[in-house]
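If you read the sequences in order, they're chains W and P.
According to our numbering, the first sequence is numbered sequentially starting from 1.
According to our numbering, the second sequence is numbered sequentially starting from 282.
Built from N, CA and C at the ideal position, the CB exists for glycine as well.
As the structure is a prediction and not an experimental result, all values here were calculated from the model.
One structure below.
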Amino acid sequence: MTEATPVAATRRGTGVGRRVSPVPGLLVVPAAIGIAVLALPLVALLLRLDWSAVPEAVTSPAAVQALSLSLATAGVATVCCLLLGIPLALVIARAGRRTAAVLRALVTLPLVLPPLVGGIALLALLGRTGLFGESLALLGVRLPFTTAAVVIAQVFVALPFLVISVEGSMRAVGTRFEAVGAGLGASPLTVFRRLTLPLVGPGVLAGTVLCFARALGEFGATALFAGNTAGVTRTMPLAIYTAFNGAGVSEDTAIALSLMLVAVAIAVLLVMRGWREDAPR
Amino acid sequence: MTGVEASGALVAEFASERGAFRVEASLRVERGELLAVLGPNGSGKSTLLATIAGHLAPTEGVVRLGDRELARRDGGAGATIDLPVAERRVGLLGQESLLFRHLDVLENVAFGPRAQGRGRSAARLDAMTWLERVGAAELSRRRPAELSGGQQQRVAIARTLAARPELLLLDEPFAALDVPTAATMRRLIGELCAQTATPTILVTHDPLDAIVLAQRAAILHDGRIAQLGPVAEVLGHPATPFVAALAGVNLATGVATGSGGVAVSGADGSLLRLVPSEHVGDGGRPLGPAAAGAPASAVFSPAAVHVSPLGEAGAAASDSMMANRWIGTVSLLQPAPGGVRLTTEEHPGLAVDLPGAAAVALELRPGARLAFIVAAAEISVREHA
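What follows is the structure in structure tokens.
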């Protein structure tokens, strides 16, 4: 059984003995500017930081409260997105061309919409005088300006990332394996559980990370729909905004809190890379 | 033995449409029988299989397996049956093995038994037995990506059979394999089909598959079954140029002469009379005097033609009315295994093969005029239905 060895050998050695197609010199300049645009602000952030103030800023009760609220709400929002998004992605991936185009446009809309508009739209639907708001109020349910509202706002802005990522993955995998599974006698649910889901695993993982990151950074819709109450709806982005506007806190606190979000984001990316390494091929 | 007991014969009598393309089929495959379906690309082979497998509903007709109706659609208000793929117990194996890449080999094969409700360990035991039967037991813990093409196809066969299909559909399963691997796989499929007695349809481009594996062959052309019969008859006396090309034989169509031969018109208006010797070849039927004037055809191998220079044979143009002989102008030369294949302007549909040495001796070139003599013993003739 020697057939397997060349596969493993070439997987890592693709660069050896092969000349890389050269990048035209003219294009290196815009590329360098591009990376500078992305990286320099973060470098500046680090340089501006008063390191002596960092321990106090990040361990302050307000910061800890905001971070734990952010992680909790983003986590719950991500779980909601997975529960709603994977089935939605499947429906889009299996729909006819027209239906899929319509559904995909609907899903993409919150992505291209300014989050502030999303917040206003959520108020219009669930606010005190909103479309469903009044009926909810009769039932004694009040959503705006609660922690639940934070989660709803995050789901609204983050769900498209998950759906688009998973749906793309499903399209790439195609339906041929599912057809084989059905031919072997598996029910549609078994096919979904044992074939579709594992096969789109990498797409789900990538979508989950994007979704969580987007939920964590969500500001606009949250600010309008959930407000800015410490301990209830003041997530990290809102805490940073509050600190930056100097409501009794210094700008340094805002920078230190921002650094925490950067650290969390990097940690998420690293975790994803770690998973990807040993993810099934 | 953990053999699969196939429940009964396949009866497929249906019409099926994919876009504007319509396929009409009427065939029956018995228990323990393997039917080869041959046809050019776009002849409807995949539509035929898709309808039987349940990926496509017939527009009318019925697909029955033993006493179970897999699909039925009567014209008008009649009852419609369209059993889901998962409930048909029809195993489909294609050119690509399509192993589940996130599962190892054993779990791939155990998928069918588990999906059908067996416990994990029972399913694995079953899977291991099937892997042993296809000679892939030592691969059980490998991932599909670590297998060669032949190994993958071996595992795919085990996986298909482990689901205990009552009908097996093989869609060019050897097409992606190299020649020695394909030969091994062909033998394996033959053995397994014989052991399990599962009725099997094998769609293929390769007449060798039909010759080695099948009892009967069906030729699909433009969505219709153009010919159906024992393999020797179908390949030995093809009804269409496609089958003739597939079987590597020449098919000359013309009219029966009344003296047991077939008269074939050449492009130049000359007449070639093809008369078999007393012995009638495979699939041929003697043409009696009563057949005179009826459409008929003659079949012979490109290698059954002897080529000689005009002068040497002492041939005058008038001799061309002799049976089994024509004077031709070489129009096309191309390489053939072991020599050269040529066609003539007079009969562009008839290929002539000759060994390389003979081709050199004859100084073959386009435009050369030569005498062509077909060995009478290798001609088989038949009246057209």
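Sequence-distant residues of the same chain with beta carbon closer than 6 Å to residue i, five excluded per side
i: P:A418; result: L412
i: P:G342; result: E294, F295 and A296
i: P:A544; result: G535, V536, T538, L552 and R554
i: W:C211; result: T78, C81, A158, F161 and L162
i: W:G185; result: none
i: P:T481; result: L315, L449 and C474
i: P:T328; result: S297, R299 and V304
i: W:L88; result: V163
i: W:L111; result: P160
Residue i classed as buried or exposed, judged by whether at least 16 other C-beta atoms fall within 10 angstroms
i: P:Q615; result: exposed
i: P:E427; result: buried
i: W:A39; result: exposed
i: P:S531; result: Reading off the sequence shown, one finds Asn at residue 531 of chain P, where the question assumed Ser. Classification for P:N531: buried.
i: W:T253; result: buried
i: P:V366; result: buried
i: W:R194; result: buried
i: W:L139; result: exposed
i: W:A149; result: buried
i: W:W51; result: exposed
i: P:F392; result: buried
i: W:P55; result: exposed
i: W:G181; result: buried
i: W:S21; result: exposed
i: W:A267; result: exposed
i: W:E134; result: exposed
i: P:P339; result: buried
i: W:P115; result: buried
i: W:T99; result: exposed
Those residues which DSSP pairs with residue i across a bridge
i: P:L319; result: P:T485 and P:I500
i: P:G342; result: P:F295 and P:R354
i: P:L374; result: P:L451
i: P:T625; result: P:V611
i: P:V245; result: This structure leaves residue 245 of chain P out entirely; chain P is present only between 282 and 666.
i: P:V310; result: P:L291
i: P:H383; result: The partner list for P:H383 (beta bridge, DSSP) is empty, contrary to what the question assumes.
i: W:G283; result: Nothing about residue 283 of chain W can be reported from this structure: the residues present for chain W run from 1 to 281 only.
i: P:E305; result: P:A296
i: P:D634; result: P:R622
Residue closest to residue i, alpha-carbon to alpha-carbon, out of the options
i: P:P570; options: P:L613, P:E664, P:H518 and P:S612; result: P:E664
i: P:V655; options: P:H486, P:G619, P:G550 and P:G542; result: P:G542
i: P:A657; options: P:P425, P:A649, P:A584 and P:R353; result: P:A584
i: W:R142; options: W:L125, W:V155 and W:F156; result: W:L125
i: P:G431; options: P:R422, P:R440 and P:F455; result: P:F455
i: W:L282; options: W:P198, W:G34 and W:I92; result: The shown model of chain W, from 1 to 281, leaves out residue 282 of chain W, and the question about it has no answer.
i: W:L46; options: W:L26, W:V271 and W:A263; result: W:A263
i: P:T485; options: P:L420, P:Q376, P:H383 and P:G574; result: P:Q376
i: P:L319; options: P:L469, P:V386, P:L509 and P:T624; result: P:L509
i: P:A528; options: P:L489, P:V493, P:D549 and P:D503; result: P:L489
i: P:I500; options: P:F302, P:A290, P:S307 and P:G289; result: P:S307
i: W:T233; options: W:A267, W:A153 and W:L103; result: W:A153
i: P:A507; options: P:P647, P:R435, P:R467 and P:A525; result: P:A525
i: P:A649; options: P:D355, P:W607, P:S612 and P:R505; result: P:S612
i: P:L442; options: P:S589, P:L373 and P:P576; result: P:L373
i: P:I438; options: P:D459, P:V515, P:R422 and P:R467; result: P:R467
i: W:T73; options: W:L122, W:V102, W:L131 and W:T146; result: W:T146
Cβ of residue i within 8 Å of any chain C Cβ
i: P:L351; result: Looking at the structure shown, chain C is missing, and the protein chains on hand are W and P.
Residue i Cβ short of 7 Å to the ligand FAD heavy atom set
i: P:L384; result: In the structure on display, the ligand FAD does not appear, and there are no ligands present to speak of.
Cβ neighbours of residue i in the same chain (closer than 8 Å, five flanking residues each side left out)
i: W:T108; result: P160 and I164
i: W:T175; result: R94
i: P:R272; result: Because chain P here runs from 282 to 666, residue 272 of chain P falls outside it and cannot be looked at.
i: W:M272; result: L205, A206 and V209
i: W:E251; result: A243 and F244
i: W:G231; result: Q65 and L69
Close-in-space but distant-in-sequence residues of the same chain around residue i (CB under 7 Å, 5 per side omitted)
i: W:L199; result: V173 and F177
i: W:I255; result: L45, R48 and L49
- request: Using a Cβ-Cβ cut-off of less than 7 Å, give me the residues of the region 390–407 of chain P that come near chain W, in sequence order.
  value: F392, G393, A396 and Q397
field: Contacting positions in the region 172–185 of chain W - beta carbon closer than 8 Å to chain P
entry: Within the region 172–185 of chain W, the residues whose Cβ lies closer than 8 Å to some Cβ of chain P are R176, F177, A179, V180, G181, A182, G183, L184 and G185, listed in chain order.
task: Would you list, in chain order, the members of the region 501–532 of chain P that have their beta-carbon closer than 9 Å to a beta-carbon of chain W?
output: none
The region 321–349 of chain P: positions lying closer than 9 Å to chain W by Cβ: A334, G335 and H336
query: According to a CB-to-CB cut-off of less than 8 Å, which residues of the region 194–206 of chain W neighbour chain P?
result: R194, L195, P198, L199 and G201
query: Quick one, which residues of the region 232–265 of chain W are near chain P if we go by CB-CB under 8 Å, in chain order?
result: For the region 232–265 of chain W, the beta-carbon criterion of a distance under 8 Å to any beta-carbon of chain P is satisfied by none of its residues.
message: If the cut-off is 9 Å on Cβ atoms, which residues from the region 215–232 of chain W count as contacting chain P, listed in chain order?
response: none
- request: Quick one: which residues of the region 52–81 of chain W get their C-beta closer than 8 Å to a C-beta of chain P? List them in chain order.
  value: none
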